[in-house]
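Engineer: Okay, here's the structure, questions in a sec.
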Amino acid sequence: MAHILFVEDDKNIFETYQLELLWQGYKITHASDGVEALEKLKNFKPDLILLDLSLPKKDGLEVLSEIKGNEKTKSIPVIILTNFATDQNIHKAFELGAVSFVAKYSFTPAETAAKVKAILNPPSPTELPKE
Amino acid sequence: MWLLLTLVLFFFLATSFTFVLIFYKKAKKAEQVLSEREQELTRRIYETSILKEIGERIGYSLDVANVIEIICGSLGKLFSYSTASSILLSDHKIIFKCVLEESVDKVFIENIKHKMLASLSALLNEDIAEREMEEVISGTVLDEEKQHPLGSFFNIPLVIESQIVGLINIASEKQGLYKEEEMTILYRITAQASDAISKLQHVLKTEKGKLDSMVSSMADGVIMTDKDTKLLVVNPKAKEMLGISSDKEATIFDMVDALAGKFDLRTKIEESIKKEKEVFIEELELANFAIQLVISPVRDPQGAILGSVILLHDITSQRDVERLREDFTAMVVHDLRAPLTVIRGTSETLMLHLKALPREKTTQSLSMMKEESENMLARVSDLLDLSKLESGKFELLRERSSLSSLINEKIETFRDVATAKKLGILANVKLNIPEFEFDRIRTGQVLDNLISNAIKFTDIGKITVGAKLEGNDVLVTVSDTGVGIEEKDVGMIFNKFRELTQAERSAQRGTGLGLVIAKGIVEAHGGEIGVESKVGEGSTFYFTLPFNPLPKRRFFQRSQLTSAGFQV
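These protein sequences, in sequence, are chains L and S. So for the first sequence, my numbering puts the first residue at -5; every next one is plus one. So for the second sequence, my numbering puts the first residue at 3; every next one is plus one.
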């Protein structure tokens, strides 16, 4: 099953989303700040990264920029998961190469898990709904 | 008898004739005087009317060249001449103009020119013959056949504000034509014109001086260009905003360069002039300033476009305040959304998988929801307190109570949290503090905030809560052995609108308004709050509560009363 690196400093928010993702069968590795996230990426390559923006030590956009600037990690899809969904942040995140931007207040854990699934297993052409 | 009669008659006739003759002669002379007087009068009236006409035509013209042209063009009515010429000193050259009333040859004109240059050089005490010269010859055609010599001429200097700026010359082929009379007339006309220009220039200089000092002392940047976008005026503030050195003689290109990449100044000025419309730029971010920019076309009283005025309005501080306000709103929204995210997400998961989830997971989820609901309530209370403090509706409930017991109570409350971080927590309260009136719940809130902050920012060591008497106050201190606060942040720490980086924001639990509210509570008691800190060594937050239940400043201090001679 797919392995997700979940970078989130708020313990309760992490627990909330983790519960649903675990239920769906994903393997989760947690990092609670930006530095820890980059440190963990040196040792393993997750299939997907869920990244918060407001993080201690190194904020999410900086972490994203380093992930995308590194040959080893730049191909990993990154979903931004935040409550700071300002236009500026959204714009910057996509510019830096985020694959999706999820505002915590508008996506429940189940909806977020569905997004993760869609990115990890894109529907094959035959599965696309007919127009 | 007849002879005698004839003789008498003859005598009579002869006498009569003589009388008539004498009378006639006298009458004739009187008539001549009268006619001369009349002529003189007519000439005077004519001269006056010419002066008036010249005066009107000159009007408010400040253009000396224009004035000379008007004078030279009006002379024909006053006396006869072949040429009316003028020399005008311009910036670096000499303008020679010659109006031909009668045809003359080139030599005649050259002759006049040399005479005028020599005269002007003598007046200025400087040889000006070498200067670059511009020549304009107009009027009747030149006639090279004529070859008449210069008969008579005179020069009248042109003086503006006590400075010789040129000469007017009247010349004729005829000899001995000009006497004092003609020279006086022209002198009078020239003097009148010079006087008018001098006065106008003086008024203009004064007005320009006023305008200049006004423009340079303005808090807004002002730039003015002519209609070909040539720079006419730029005040110090505009230079400062655009980052142009104040002692540099700036050009429009410096302005355009300073705004390059942000705003095409030249095109916008041209657009404003062409469309005769104002151009307004609401916000422009420069290196050190945020500005508003207005480009307006400038018209003369007749409505013709003269150029453009560019006003640069400094909105840096408004922009900064606005940013802080936006940051604060974003922070509040984020802090209220975080607990709601957990509550909604967890309840969804519970609903979806309630039966399948292990019991311990369900319990953990429920306790998380409870914790976040409490967080949420605390944050809403913080915001409510803040709004009460800001609107002056914050009220204290003072009761006689023991501060020592409150401190001990709070230490016990936080003991578990401190112990979990392996931190010591202890009280250092002096025994001589009597009970006094204060708001026990609100003061407890201040202590909660200071102690929880101390624990949060300390990894090794201990938290000490102290209290002692100091003058008419009780001094409470909360000291830690934590990370400390950087000096630059100390002043801002009790400020609602302080700038926080994402990382700092994230480290804050709650709205980060705790200290702002603590300050409000302490000040409502009439006390003071503050902090002393050293990075790496720890911080000591302190606050005072006065014994006197009413704000101190309403009453005289005991010492003040006794020193004023009162017995207390």
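For each residue, glycine too, the CB sits at the ideal point set by N, CA and C.
Go ahead and label glycine 263 (chain S) buried or exposed: buried means 16 or more other beta carbons lie within 10 angstroms of its beta carbon, across all protein chains shown.
Structural biologist: Counting from 1 along the second sequence, the entry for residue 263 (chain S) is found at position 261. Classification for glycine 263 (chain S): exposed.
Engineer: What are the complete beta strand (DSSP E) segments, minimum 3 residues, inside the segment 402 to 474 of chain S?
Structural biologist: Fully enclosed beta strand (DSSP E) runs of 3 or longer: 426 to 431, 438 to 440, 464 to 472.
Engineer: Express the C-alpha separation of serine 298 (chain S) and leucine 45 (chain L) in angstroms, rounding to a whole number.
Structural biologist: The residue given as residue 45 (chain L) occupies position 51 in the first sequence. The residue given as residue 298 (chain S) occupies position 296 in the second sequence. Each residue's Cα considered, the two are about 50 Å apart.
Engineer: Using a Cβ-Cβ cut-off of 8 Å, state whether asparagine 77 (chain L) counts as contacting chain S.
Structural biologist: Taking the first sequence and counting its residues from 1, the one referred to as residue 77 (chain L) is at position 83. Yes, asparagine 77 (chain L) lies at the interface with chain S (some Cβ there is under 8 Å from its Cβ).
Engineer: Return the CA-CA distance between leucine 32 (chain L) and glutamate 65 (chain L), expressed in angstroms with no decimal places.
Structural biologist: Taking the first residue of the first sequence as position 1, residue 32 (chain L) is located at position 38. Taking the first residue of the first sequence as position 1, residue 65 (chain L) is located at position 71. Those two C-alpha atoms are separated by around 13 Å.
Engineer: Where does the unbroken alpha helix (DSSP H) through aspartate 384 (chain S) begin, and where does it stop?
Structural biologist: Working through the second sequence from its first residue, we reach residue 384 (chain S) at position 382. Element bounds for aspartate 384 (chain S): 361 to 393.
Engineer: Using DSSP bridges, identify the partner residues of arginine 301 (chain S).
Structural biologist: Here residue 301 (chain S) refers to the residue found at position 299 when the second sequence is read from its first residue. For arginine 301 (chain S), which the question treats as bridged, DSSP gives the partners S:Ile307.
Engineer: Suppose you measure from the CA of glutamate 350 (chain S) to the CA of proline 103 (chain L); what does that come to, to the nearest Å?
Structural biologist: To locate residue 350 (chain S), count along the second sequence from 1; it is residue 348. To locate residue 103 (chain L), count along the first sequence from 1; it is residue 109. One C-alpha to the other measures close to 8 Å.
Engineer: By how many angstroms is the C-alpha of threonine 76 (chain L) removed from the C-alpha of threonine 503 (chain S)?
Structural biologist: Stepping through the second sequence from its first residue, residue 503 (chain S) is reached at position 501. Stepping through the first sequence from its first residue, residue 76 (chain L) is reached at position 82. Residue placement at threonine 503 (chain S) is flagged as unreliable, the pLDDT there being 46, under the threshold of 50; the coordinate-derived value follows with that caveat. Each residue's alpha carbon lies about 16 Å from the other.
Engineer: When you compare the segment 129 to 145 of chain S with the segment 196 to 208 of chain S, are there three or more beta-carbon pairs, one atom per stretch, that lie closer than 8 Å?
Structural biologist: Touching, no.
Engineer: Give me the Cα-Cα distance between arginine 45 (chain S) and lysine 99 (chain S), rounded to the nearest whole angstrom.
Structural biologist: Position 43 of the second sequence, counted from the start, is the residue given in the question as residue 45 (chain S). Position 97 of the second sequence, counted from the start, is the residue given in the question as residue 99 (chain S). One C-alpha to the other measures close to 28 Å.
Engineer: Does aspartate 65 (chain S) pass the burial test, meaning 16 or more other C-beta atoms within 10 Å, or should it be called exposed?
Structural biologist: Looking up residue 65 (chain S) in the second sequence gives position 63. Exposed.
Engineer: Tell me, which residues are paired with asparagine 157 (chain S) by DSSP?
Structural biologist: For this step, residue 157 (chain S) is matched to residue 155 along the second sequence. Bridge partners of asparagine 157 (chain S): S:Asn171.
Engineer: Would you mind stating whether leucine 469 (chain S) and leucine 405 (chain S) have Cβ atoms separated by less than 8 Å?
Structural biologist: The count along the second sequence starts at 1 and reaches residue 469 (chain S) at position 467. The count along the second sequence starts at 1 and reaches residue 405 (chain S) at position 403. Inspection of the sequence shows that residue 469 (chain S) is occupied by alanine rather than by leucine. In this structure, leucine 405 (chain S) lies closer than 8 Å to alanine 469 (chain S) by Cβ.
Engineer: Considering only their Cβ atoms, is the gap separating glycine 211 (chain S) from leucine 391 (chain S) smaller than 8 Å?
Structural biologist: As a working note, residue 391 (chain S) is residue 389 in the second sequence. As a working note, residue 211 (chain S) is residue 209 in the second sequence. No, they are not a contact pair.
Engineer: Please state the DSSP three-state secondary structure of leucine 122 (chain S).
Structural biologist: The residue given as residue 122 (chain S) occupies position 120 in the second sequence. Helix, per DSSP.
Engineer: Since I believe arginine 417 (chain S) is in contact with isoleucine 2 (chain S) (beta carbons under 8 Å), could you give me their beta-carbon distance rounded to a whole number of angstroms?
Structural biologist: Residue 2 (chain S) is absent from the model: chain S starts at 3 and stops at 570.
Engineer: With 7 Å as the limit, tell me which residues of the segment 2 to 28 of chain L have their beta carbon closer than that to any beta carbon of chain S; keep them in chain order.
Structural biologist: If the cut-off is 7 Å between Cβ atoms, the segment 2 to 28 of chain L has Asp3, Asp4, Asn6, Ile7, Glu9, Thr10, Tyr11, Leu13, Glu14, Trp17 near chain S.
Engineer: Have a look at S:Thr253, S:Met226, S:Leu379, S:Gly305 and flag the residue whose alpha-carbon is nearest the alpha-carbon of leucine 314 (chain S).
Structural biologist: Within the second sequence, residue 314 (chain S) is the residue found at index 312, counting from 1. Residue S:Met226 is the option with its Cα nearest to leucine 314 (chain S).
Engineer: Is valine 533 (chain S) helix, strand or coil when you go by DSSP?
Structural biologist: Indexing the second sequence from 1 puts residue 533 (chain S) at position 531. Strand at valine 533 (chain S).
Engineer: Taking buried to mean at least 16 other C-beta atoms within 10 Å of its own C-beta, is valine 10 (chain S) buried or exposed?
Structural biologist: Within the second sequence, residue 10 (chain S) is the residue found at index 8, counting from 1. Exposed: under 16 other Cβ atoms inside 10 Å.
Engineer: In angstroms, rounded to a whole number, what distance separates the CA positions of leucine 213 (chain S) and valine 224 (chain S)?
Structural biologist: Locating residue 213 (chain S) in the second sequence gives position 211, counting from the first residue. Locating residue 224 (chain S) in the second sequence gives position 222, counting from the first residue. If you take the alpha carbons of leucine 213 (chain S) and valine 224 (chain S), they lie about 12 Å apart.
Engineer: Please report the distance separating the alpha-carbon of glutamate 501 (chain S) from that of isoleucine 495 (chain S).
Structural biologist: For the purposes of this step, residue 501 (chain S) is taken as residue 499 along the second sequence, with counting starting at 1. For the purposes of this step, residue 495 (chain S) is taken as residue 493 along the second sequence, with counting starting at 1. With a pLDDT of only 48 at glutamate 501 (chain S), under 50, the local geometry of the prediction cannot be trusted, and the value read off the model is given with reservation. Looking at the two C-alpha atoms, the distance is approximately 10 Å.
Engineer: Among the candidates S:Ser174, S:Leu169, S:Gly538, S:Val143, whose CA atom is the shortest distance from the CA of proline 151 (chain S)?
Structural biologist: For the purposes of this step, residue 151 (chain S) is taken as residue 149 along the second sequence, with counting starting at 1. Of the listed residues, the one whose Cα sits closest to proline 151 (chain S) is S:Ser174.
Engineer: Is there a Cβ of chain L sitting closer than 8 Å to that of lysine 372 (chain S), yes or no?
Structural biologist: Locating residue 372 (chain S) in the second sequence gives position 370, where the first residue counts as 1. No, because no Cβ of chain L sits closer than 8 Å to the Cβ of lysine 372 (chain S).
Engineer: Between glutamate 60 (chain L) and chain S, is the shortest Cβ-Cβ distance under 8 Å, so that the two count as touching?
Structural biologist: Locating residue 60 (chain L) in the first sequence gives position 66, where the first residue counts as 1. Cβ-Cβ to chain S under 8 Å: no for glutamate 60 (chain L).
Engineer: Would you grab the beta carbon distance between leucine 338 (chain S) and arginine 381 (chain S) for me? Rounded to a whole angstrom, and I think it's under 8 Å.
Structural biologist: In the second sequence, counting from the first residue as 1, residue 338 (chain S) sits at position 336. In the second sequence, counting from the first residue as 1, residue 381 (chain S) sits at position 379. About 6 Å; that satisfies the 8 Å criterion.
Engineer: So, does the CB of proline 553 (chain S) fall closer than 8 Å to a CB anywhere in chain L?
Structural biologist: Numbered from its first residue, the second sequence carries residue 553 (chain S) at position 551. Any reading at proline 553 (chain S) must be qualified, since the residue scores a pLDDT of 47, below 50, and its modelled position is unreliable; no value is offered.
Engineer: With a threshold of 6 Å on Cβ separation, who are the neighbours of aspartate 129 (chain S) within its own chain once the five nearest residues in sequence on each side are excluded?
Structural biologist: To locate residue 129 (chain S), count along the second sequence from 1; it is residue 127. So the qualifying residues of the chain are Ser123.
Engineer: By a C-beta neighbour count over all protein chains shown, 10 Å radius and 16 as the cutoff for buried, is aspartate 441 (chain S) buried or exposed?
Structural biologist: Looking up residue 441 (chain S) in the second sequence gives position 439. Burial call: buried.
Engineer: So, does the segment 85 to 105 of chain S touch the segment 138 to 155 of chain S, judging by three or more C-beta pairs under 8 Å?
Structural biologist: Counting Cβ pairs under 8 Å, three or more are found: they touch.
Engineer: Kindly say whether glycine 347 (chain S), judged by its beta-carbon, lies nearer than 8 Å to any beta-carbon of chain L.
Structural biologist: Counting from 1 along the second sequence, the entry for residue 347 (chain S) is found at position 345. Glycine 347 (chain S) counts as touching chain L.
Engineer: Starting from leucine 354 (chain S), find everything on chain L with Cβ-Cβ shorter than 7 Å and list it in chain order.
Structural biologist: Against the second sequence, residue 354 (chain S) aligns to sequence position 352. Within chain L, the residues near leucine 354 (chain S) are Ala104.
Engineer: Taking the runs of the beta strand (DSSP E) that are 3 residues or longer, which of them lie wholly in the segment 66 to 98 of chain L?
Structural biologist: Entirely contained in the segment 66 to 98 of chain L, the beta strand (DSSP E) runs reaching 3 residues are, in chain order, 72 to 76, 94 to 97.
Engineer: In chain order, what residues of the same chain lie with their CB nearer than 6 Å to the CB of glutamine 510 (chain S), ignoring the 5 residues before and after it?
Structural biologist: Residue 510 (chain S) sits at position 508 when you count from the first residue of the second sequence. Residue placement at glutamine 510 (chain S) is flagged as unreliable, the pLDDT there being 48, under the threshold of 50; a coordinate-derived value is accordingly withheld.
Engineer: Tell me the DSSP bridge mates of alanine 25 (chain L)?
Structural biologist: Counting from 1 along the first sequence, the entry for residue 25 (chain L) is found at position 31. Answer is L:Val1, bridged to alanine 25 (chain L).
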